[in-house]
Each structure stands twice: as structure tokens, then as C-alpha cells.
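In the working numbering, the protein residues as written are 2 to 59.
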């Protein structure tokens, strides 16, 4: 797994934000966020069944 590169608003190496490096970083961040959301969404049924099973409602 690759380490996540965090950016801050104080980084002025690019200026406009329209450079190729900025676009690549934004695309990688979007892909990582989408995979994280998909993983959490896949866990919802497991968490729900476990919770309701422990409460004795299933």
C-alpha cells in the first residue's frame, strides 16, 4: 500500500493548480477515496447483521 501524500494550502510550487503533477495527485486521491468508500460500503451488511444478531433481533 502506498503512503498517502498530504498537501497543504501553503504549497505554492505550482501556483495555479493546473499543472500535470497536481492533476495526477488529484486523480490518485479520488481513486483512493473511491476504494475506501467501496470497502466501507461492503462492510455495512456485516456490521448490521452482527449488531442485530447480538441484540437478539435476528
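Glycine included, every Cβ here is placed at the ideal spot set by N, Cα and C.
Residue i - containing alpha helix (DSSP H), residue span
i: residue 23; result: 21–55
Length of the line joining the Cα atoms of residue i and residue j
i: residue 26; j: residue 35; result: 14 Å
i: residue 21; j: residue 33; result: 18 Å
i: residue 1; j: residue 29; result: The displayed coordinates of the chain run from 2 to 59. Any statement about residue 1 would go beyond what the structure contains.
i: residue 48; j: residue 39; result: 15 Å
i: residue 50; j: residue 37; result: 21 Å
i: residue 42; j: residue 59; result: 21 Å
i: residue 45; j: residue 57; result: 18 Å
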